[in-house]
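Shown next, in structure tokens, is the structure this report addresses.
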Amino acid sequence: MKLPRTLIFGGILFATFLFAALASFFWTPENVEVLKITSRFKLPSVINWFGTDHFGRDIFSMIMVGARTSIAVAVVAVGIGIIIGVPLGLWAASRHGHWLDDLIMRGNDLVFAFPSLIIAILITAVFGPSAFNAIIAIGIFNVPVFARISRGGALSIWNLDYILSARVAGKGTFRISAEHILPNIANLLIVQGTIQFSLGILAEAALSYVGLGVQPPTPSWGRMLADSQTMISFAPHLALFPGFAIILTVLGLNLMGDGLRDILDPRIRRAQK
Amino acid sequence: MTLLNVENLTLSIHDTKILDNISFSVNEGEIFGIVGESGSGKSMTALGLMKLLPDGAKMTGAVTLSEIDLSKISEEKMCSLRGNAISMIFQEPMTALNPVQTIGNQVAETLIIHGQAKRSEALRVAREKLNRVGLTAKQFPLSKYPHELSGGQRQRVAIALAIAMRPQILIADEPTTALDVTTQSQILKLLKSLVDEEKMALILITHDLAVVSGLANNVAVMQNGEIVEAGKTKDVFHHMKHEYTRQLFSASNHVPTRNPKLAEVPLLEINNVIRNYKLPRESIFSRQKDFPAIRDISFTLKKGENLGLVGESGCGKSTLTRAILGLEELQGGEIKLEGDIVKAGKNLDPNIRRKMQVVFQDPFGSFNPRHKVGRLISEPFYLIEDQPKGLELKNEIDDALLNVGLEREDANKYIHEFSGGQRQRIAIARALIIKPSLIVLDEAVSALDVSIRAQVLDLLAELSSKFNLSYLFISHDLSVVRNITDRVLVMKSGRIVESGQTQMVFNDPKHDYTKELIAATPKLPKNFNQSI
Amino acid sequence: MLHFAFTRLISLSLSLIAASVVIFSVIEIIPGDPASFMLGINAQPDTIAALRDQLGLNGSIISRYFNWISGMLTGDFGISYTYRVPVSELIMARVWISLPLAIYALAISTLIAFPVGLIAAANRGRPVDLTIMGTTQLGVAIPNFWFAMILVLIFAINLRWFSAGGFPGWDQGFLLSIKSLTLPAIALALPQASILARIMRSSILDTLDQDYVRTARAKGLTRSQAIWRHALKNAMIPVLTIIGMQFSFLMAGAIIIENVFFLPGLGRLIFQGITQRDLIVVESVVMLLVFAVITVTFIVDITYAAVDPRLRRKQ
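Chains as they are written, first to last, in the numbering used here: chain A, 1 to 273; chain B, 1001 to 1532; chain C, 2001 to 2315.
Following this line, the structure appears as structure tokens:
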């Protein structure tokens, strides 16, 4: 089967950053925890591919380590969304018309109504800024997304005849949700997963930027941007490289999502085009 | 006077040949029927005439309408002819109208965009046309929206906007396939009256031989993108020169050979069954009203019997099917299968469930696309305590497939690799595999082409004898039911209005509604030696 | 229609109540004692007790909650701990920066996205469409605060067309104030416009596939007539909901962007409140923002019903 270009290109982009993040546990060009004031503000060169920052730290290395934070936070947040949201959505769909479905939907709508970033700021501010709290704050808002999408997908399947057949074969709602519904919404979830992943990266960057995400000395792309702000007029590379890192990772994930959508569900593909 | 002349129309889409040298002509005031099964190319011919083909379509040949060759003119010129000289209505009335525009505006729009009238004049004409198609001002003001209308009413609106400019020729692509039999009859009458009064030509595309035989002056039979036979309707059906025409004709009239082994033992008993639905609240303060889907129905199906249940959409037959299968709760009465009470809900004893199975209408929604056929047809084994496993299971699956005329290897394929008719066979295999006593066939052949339908009905008859099965055959299609059932029940608005031996009910209906249904059903004469 | 509006109003009220409960719990209950939280680890017990008195923290949770709610309904948001002035004054001064900024950004976003999405849809598969899809794909990946910094670098520092930050105040002149909001609004708007344009495009393409568009073509409408007269209005319906959500994102984005441009808006107020542990300020501003978002959603829902006749149950 021929893979769409979007999937290949996006996959390569994302894989690069994933690889950088994993590799950073074993090796970075320079140690990011050592401050070398004498080498600060160096422009990109053969020694420092992306130059150095205001503390003399190698920016390329910082990007690699920062990738860990962004990816880890985003992926766990998506995990929370799926583990809690999908069963919730499936449960609601199986009880359609019942007050339980209504209740779950109202709860969903309520969380949707909250401006997520503002609440994330609130949570990290009150409970203390840290990677863990950032994950929780972002993860909470992934739950209604996955709940809604699972419920929507499940509802359209519940009406189909093969579900009636399964019921005539004596199977109960839990079994049907697991055997029939879940495999058929898996594609939807995978595509949405990549989207939420990319949104998670942007959210983590925003939280770090305002100082509420992972704390120093752990590098994070968002905080690199915050630090670079006052120095942007004479050292723009401090802002450019972390920015590009964020953009390319998010772009890679979004392209992957597009490509996955194309191969996983031809019905959606016709509508997209 | 030849109005439309089609010569050597050939069409391919992305290098796949769809139509091959189609030629025919239509005269003023004539009804021309194009009949064929799915994939014959009849709809594509219509879209070709209107030049509304999908991207990647290449069309050659001449399409001459009153001296203008449609195939050669520009898109701009074609736009000025569509809706004006040549018009079209489609199969699905439920989605044919813009949901956010009033029906008045949609009919008036035809006049406005052709520059024929300003808004107020166009609306006046729209009112006239809506009246003409049977939608009177009192019940159907111009301000009504499509979602407030039924399928038949929406189709009338579609007709109104198509004839607003009094086109010379109207193409109707399966205009009544999605409608009830009584509505179908009304729409066909309407089309005939428009032809008679306006001297409009009509190209009627359908898969239904009976419809075409009752209405069309001339007919063309299509198969695989070609016209295999054409001529005056009477002549074509009288002589039937082409093999395919004969096949089509005999399939439409097909009566499977059956050996009903009727026992006087009741298998399924429906006693005073009542089922109500709660309607959504009208306002936050009103109470929820009840909708009576089934109002006190009683009947018995005997072992070995083929019982038919006919009714139009909304009569409650789907609800009844689900209730029989133990999927709907009853508000009154009881259902018994071989003496055991069928109670809806999770607690229905699998030993009761295993005595009945079901075959549904839609060959596409009937199966989980992610499972292989072997897994799909063995799902009912869930009801058996000692489920067969391993080799025993494989043998059961093989047997089931062979019984329905498929191959052993098909167990490893996915459902999308099969055609509609084959899928229904797989559905029958699934219903059969645990050897139930009763199989409920819910519109099981309605979505199939006529020739496939005949084969499946033969299969069902054969299986009924072989495995001593009883069938409850639910359908809106009277001609199908007539040919394969012993007894029939007629259902309307949640009640059984007539029941009896099939031939007697059809030959001598007692209830008005039954009479109405039979009168509305287009009939294909058994042989054309008697002129229509 | 009235029935629809009424049910939505009830939804709105329930959402607001639930939101207030959540915010109240997060701020006043979960961290333990707000007073010690505010004063820090090293605070003396009697200072804490004094603050508790001052803040009215000695009542039961229920009574404190109702006091808070009734206060807000009468416009009393409490007294800021850091500034010692009524929070409502602080909010009033700053809301006239954040709110116009969000609206300005929404306007730019919609004004760009609609035509761009329409052009892309009308030219599906052609170079114009592919370019637009590529650009928007990039646009949605750009963090708005980074984009803001780049805009400042190019247009303020290098080209000197705009000032690098600050807000002169509405009394200094309307145009001058708008000018200082322009770079921030653009920074906010462009990523959102990218999202909106893509959604607009796919919504129009979905509608073009519908049967009623085929009916329109069969009546004699040209391709563009079919888009204008039939597809657009239907395509707008799902897009409307998105615009409602966009306002929510824009408010959140505005909070952060104010940081880049030194705008004395609600964002600055919240962050200062967070740094200074002034829970009263934080609580009130967050509640206000949530209120704004929920209200906008409500308005969008009502507009939805006005546009789509299927939602108005007549009988």
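Glycine residues also receive a C-beta, built at the ideal position from the N, C-alpha and C atoms.
Check, Outcome
"In the DSSP assignment, the beta strand (DSSP E) including C:P2143 goes from what residue to what residue?", "C:P2143 -> no beta strand (DSSP E), and no H or E assigned at all."
"Under 7 Å between the Cβ atoms of B:I1113 and B:I1159?", "no"
"In whole angstroms, what is the alpha-carbon distance linking B:K1118 and B:V1212?", "39 Å"
"Kindly provide the ranges of any alpha helix (DSSP H) runs that are 4 or more residues long and lie completely inside the stretch 2013–2062 of chain C, ordered along the chain.", "2034–2039 and 2045–2055"
"Could you confirm whether any beta carbon from chain B is found closer than 7 Å to the beta carbon of A:L160?", "yes"
"Who does B:M1491 pair with in a DSSP beta bridge?", "B:I1496"
"Taking the alpha helix (DSSP H) that B:P1350 belongs to, which residues open and close that run?", "P1350 to R1353"
"Helix, strand or coil for A:G128? Go by DSSP, reduced to three states.", "coil"
"Should the stretch 2186–2203 of chain C be regarded as contacting the stretch 2268–2278 of chain C, the criterion being three or more beta carbon pairs within less than 8 Å?", "no"
"Give every residue of the same chain whose Cβ lies closer than 7 Å to the Cβ of B:V1480, excluding the five residues on either side of it in the sequence, and list them in chain order.", "V1445"
"Do you know how far the Cα of B:S1451 is from the Cα of B:K1492?", "30 Å"
"By DSSP's criteria, B:Y1414 is part of a beta bridge. Which residues make up the other side?", "B:K1372"
"Spatial neighbours of B:R1453 within its chain, please: CB distance less than 6 Å, with the 5 preceding and 5 following residues excluded, ordered by chain position.", "V1445"
"From this set, B:V1181, B:V1125 and B:S1150, which residue's C-alpha is nearest B:I1163's C-alpha?", "B:V1125"
"Could you check if C:P2127 is buried or exposed, using at least 16 other CB atoms within 10 Å of its CB as the buried criterion?", "exposed"
"How would you write the range of the alpha helix (DSSP H) that C:N2259 sits in, first residue to last?", "L2232 to F2261"
"Can you tell me the Cβ-Cβ gap for B:G1061 and B:L1009, rounded? I've got them flagged as a contact below 8 Å.", "4 Å"
"Hey, A:R68 and A:S130: beta-carbon distance below 7 Å or not?", "no"
"C:V2282: buried (16+ other C-beta within 10 angstroms of its C-beta) or exposed?", "buried"
"I'd like to know whether the C-beta of B:F1140 is nearer than 7 Å to at least one C-beta of chain A.", "no"
"Starting from B:R1155, trace the alpha helix (DSSP H) both ways and give me its first and last residue.", "The question names Arg, but residue 1155 of chain B in the sequence shown is Gln. Where B:Q1155 is concerned, the enclosing alpha helix (DSSP H) stretches over G1151 to I1163."
"Any C-beta of chain A sitting closer than 7 Å to the C-beta of B:F1291?", "no"
"Kindly indicate if chain C contains any beta-carbon less than 7 Å away from that of B:M1059.", "no"
"Does the beta-carbon distance from B:E1443 to B:S1419 come in below 7 Å?", "no"
"Residues of chain A with CB under 8 Å from C:L2153, in chain order?", "I232, S233, P236 and A239"
"What is the rounded straight-line gap between the Cα of B:T1543 and the Cα of C:R2223?", "With chain B running from 1001 to 1532 in the structure shown, residue 1543 of chain B is simply not present."
"Which of the residues in the stretch 1369–1393 of chain B, read from start to end, lie with their CB under 9 Å from any CB of chain A?", "P1369, R1370, H1371, L1376, E1379, P1380, F1381, Y1382 and L1383"
"Identify whether B:G1048 lies in helix, strand or coil by the three-state DSSP scheme.", "helix"
"So, for B:D1449: in the same chain, excluding its five sequence neighbours on each side, which residues have a beta-carbon less than 6 Å away from its beta-carbon?", "E1037 and S1038"
"Please list, in chain order, all residues of the same chain as C:P2192 whose beta carbon is under 6 Å from its beta carbon, the five residues on each side excluded.", "For the record, residue 2192 of chain C in the displayed sequence is Gln; it is not Pro. Cβ neighbours of C:Q2192 beyond the five flanking positions: S2109 and Q2246."
"What does C:S2248 touch in chain A if you count any residue whose Cβ is under 7 Å from its own?", "P115"
"Quick one, which of B:R1127, B:Q1091, B:R1287 and B:E1462 has its alpha-carbon nearest C:R2214's?", "B:Q1091"
"Considering only C-alpha positions, which residue in the set C:I2062, C:F2114 and C:L2012 is nearest to C:L2240?", "C:F2114"
"So, at 6 Å on beta carbons, what are the nonlocal neighbours of B:E1269 in its own chain, with the 5 sequence-adjacent residues on each side left out?", "T1300 and K1336"
"Comparing the C-beta of B:Y1277 with each C-beta of chain C, is any distance below 7 Å?", "no"
"The alpha helix (DSSP H) that contains A:S188, what's its start and end?", "Per the sequence presented here, residue 188 of chain A reads as Leu, with Ser not at that position. Residues L182 to Y209."
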